[in-house]
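Counting from 69, one number per residue, gives the positions in the sequence shown under the numbering used here.
The C-beta atom is built at its ideal place from N, Cα and C for all residues, glycine as well.
To keep things clear, I will list the structure first and then write my remarks on it.
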Amino acid sequence: MARSVWHHLYQTAAWKRLREHQLAVQPLCEFCLITEDVTAAEVVDHRRAHKGDLELFHDPNNLQSLCKHHHDSAKQLMEHGKKVAVIGVDGYPIEMG
Ligand SMILES: [Zn+2]
């Protein structure tokens, strides 16, 4: 839904550069890494929803690499205000986001 509204932002050369850079720096899904799973990231996601804010959109520190599964599950829940936690390798829950 939000994605289609800002769809044009993802077509820019600036975004394509940012996305490539992010995947070069972190080619693995960051949520999977929490539980020491190694999964190739397919989606470059904004940590804080940019909602069309160009500064947030283009802030390299606001980016994270996710696998498609996590982008489509955990991340969607978070964007709807739900807390998502995983059990870390030490047995304690870790809140994501
Ligand atoms: Zn993942």
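Asked                                                                          : Found
Limits of the alpha helix (DSSP H) - the one that S89 falls within             : The question names Ser, but residue 89 in the sequence shown is His. Taken as a continuous stretch (DSSP letters only), the alpha helix (DSSP H) holding H89 covers A81 to V93.
Proximity below 8 Å, CB of K84 to CB of D113                                   : no
Proximity below 8 Å, CB of S133 to CB of A117                                  : no
Per-residue DSSP class, three states only, for M69                             : Residue confidence for M69 is low, a pLDDT of 46 falling below 50, so the modelled location carries little weight and cannot support an answer.
Closest by C-alpha distance to D127, when choosing among H76, R87, H75 and V73 : R87
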